[in-house]
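Notes follow the structure.
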Amino acid sequence: MKEQIEKINNQANNIETNLNYIKENISKNKEPIFIELIGTAKSGKTTLLNNITKLLTKNGIPVQKRAETAEYNPIENKDLEEYNIWMYSELIKNLSEDMSDNTPRVVIYDRGMLDRLPWIDFSVNDGSIPNQDAVLLKQMFNSEFMKKYKPLTYGFVTSPELSVHRKGKEGRLVNRKNVKLFNECMEAEKEVIKEGAKKYTTIETDPYQGNIKQFIMDLVETITEDVRENIRENIEIREQKTIDDL
30 MKEQIEKINN QANNIETNLN YIKENISKNK EPIFIELIGT AKSGKTTLLN
80 NITKLLTKNG IPVQKRAETA EYNPIENKDL EEYNIWMYSE LIKNLSEDMS
130 DNTPRVVIYD RGMLDRLPWI DFSVNDGSIP NQDAVLLKQM FNSEFMKKYK
180 PLTYGFVTSP ELSVHRKGKE GRLVNRKNVK LFNECMEAEK EVIKEGAKKY
230 TTIETDPYQG NIKQFIMDLV ETITEDVREN IRENIEIREQ KTIDDL
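Residue numbering for the sequence shown follows my numbering, starting at 30 and increasing by one per position.
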């Protein structure tokens with residue numbers, strides 16, 4: 030018990046230190062810091078997103094939250110290719126708006142563009158996207174536009190059994206077969222996701238079942254530390270450039 034309390038206190042202190050640094054230095058970043066949460070359904074992404082957004086706001090750190098596009102997709106039939114194309118297009122629109130705005134802030138995407146990679150593979154497997162269209166959609170990731178997008182990316186992996194358990198029952202998308210398939214697609218795209226990310230961290234969420242507080246604490250510590258390091262690196266690069274230009 031004593032060790033557990035000590036661990037919690039150390040984490041709280043680390044998070045506070047990270048938040049203070051971010052608050053004091055984010056204005057020096059001159060551009061937004063992007064974070065993307067990707068992964069298995071019912072793996073805790075949205076819960077984490079809401080908690081970290083609230084924490085950053087409470088500590089005076091400018092933050093922008095982008096909800097998962099599936100939450101407001103006007104196309105109801107998820108079996109249509111148009112359903113996936115709409116989400117893909119909406120993400121490109123959102124990303125274009127956010128990347129063109131250099132206001133220093135933290136921008137967090139719940140399933141952003143990198144999450145499209147495993148979803149495109151998944152959709153080819155379930156027949157909702159033709160293979161030839163998948164090839165065309167993936168070409169976007171080789172564009173100069175996407176090369177400028179380097180988010181801190183966190184991939185959440187949950188077992189099919191636990192994902193369904195958290196959902197409450199099997200459905201069209203959240204069922205053991207589909208969750209297993211998505212996890213396989215995510216693993217297959219791992220290296221491509223890494224290449225497209227500033228940093229890619231994989232989180233196995235099953236061990237956190239029944240301990241949501243520790244899940245949030247661990248991830249908030251990791252993410253704030255990564256944001257802090259990103260800002261520090263950017264400041265060092267600009268300072269070195271200033272010296273080189275003298």
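Backbone N, C-alpha and C fix where the C-beta goes; we use that ideal spot for every residue, glycine too.
Start-to-end residues for the alpha helix (DSSP H) that takes in Gly-225: In the sequence shown, counting from the first residue as 1, residue 225 sits at position 196. First-last of the alpha helix (DSSP H) with Gly-225: 219-225.
May I have the straight-line CA-CA distance separating Leu-120 from Thr-98, to the nearest angstrom? Translated into the one-based positions of the sequence shown, residue 120 becomes position 91. Translated into the one-based positions of the sequence shown, residue 98 becomes position 69. Spanning the two alpha carbons is a distance of roughly 7 Å.
Is the beta carbon of Val-249 less than 8 Å from the beta carbon of Ile-37? Here residue 249 refers to the residue found at position 220 when the sequence shown is read from its first residue. Here residue 37 refers to the residue found at position 8 when the sequence shown is read from its first residue. Taking the C-beta atoms as reference points, Ile-37 is found no nearer than 8 Å to Val-249.
Pick from Phe-151, Gly-73, Gly-200 and Lys-198 that is closest to Ala-163, judged by C-alpha positions: Here residue 163 refers to the residue found at position 134 of the sequence shown. Looking at the Cα atoms, Phe-151 is the closest of the given residues.
Out of Thr-46, Tyr-237 and Asp-144, state which residue places its alpha-carbon closest to the alpha-carbon of Leu-85. Counting from one through the sequence shown, the residue named residue 85 turns up at place 56. Comparing Cα positions, the closest option is Thr-46.
Give me, in chain order, the residues of the same chain whose beta-carbon lies closer than 7 Å to that of His-194; leave out the 5 immediate sequence neighbours on both sides. The count along the sequence shown starts at 1 and reaches residue 194 at position 165. Nothing meets the Cβ criterion.
Quick one, which of Gly-68, Phe-174 and Tyr-101 has its alpha-carbon nearest Arg-140's? Indexing the sequence shown from 1 puts residue 140 at position 111. Checked all of Gly-68, Phe-174 and Tyr-101; the closest Cα to Arg-140 is Gly-68.
Along the chain, which unbroken stretches of the beta strand (DSSP E) at least 3 residues long are found entirely within the stretch 146-225? 181-186
Rounded to whole angstroms, what is the Cα-Cα separation between Gln-93 and Arg-134? Translated into positions along the sequence shown, residue 93 becomes position 64. Translated into positions along the sequence shown, residue 134 becomes position 105. Each residue's alpha carbon lies about 7 Å from the other.
Test item: CB-CB of Val-256 and Leu-146 under 8 Å: For the purposes of this step, residue 256 is taken as residue 227 along the sequence shown, with counting starting at 1. For the purposes of this step, residue 146 is taken as residue 117 along the sequence shown, with counting starting at 1. Against a cut-off of 8 Å, the Cβ pair of Leu-146 and Val-256 comes out as no contact.
If I follow the unbroken alpha helix (DSSP H) through Tyr-117, where does it start and stop? The residue given as residue 117 occupies position 88 in the sequence shown. From DSSP, the alpha helix (DSSP H) with Tyr-117 extends over 110-129.
For Arg-257, the first and last residue of its enclosing alpha helix (DSSP H): The residue labelled residue 257 in the question sits at position 228 within the sequence shown. Residues 241-274.
Count the other C-beta atoms from every protein chain shown that fall within 10 angstroms of the C-beta of Leu-71, then say buried if there are 16 or more, exposed otherwise. Numbered from its first residue, the sequence shown carries residue 71 at position 42. It should be noted that the sequence gives Lys, not Leu, for residue 71. Buried: at least 16 other Cβ atoms inside 10 Å.
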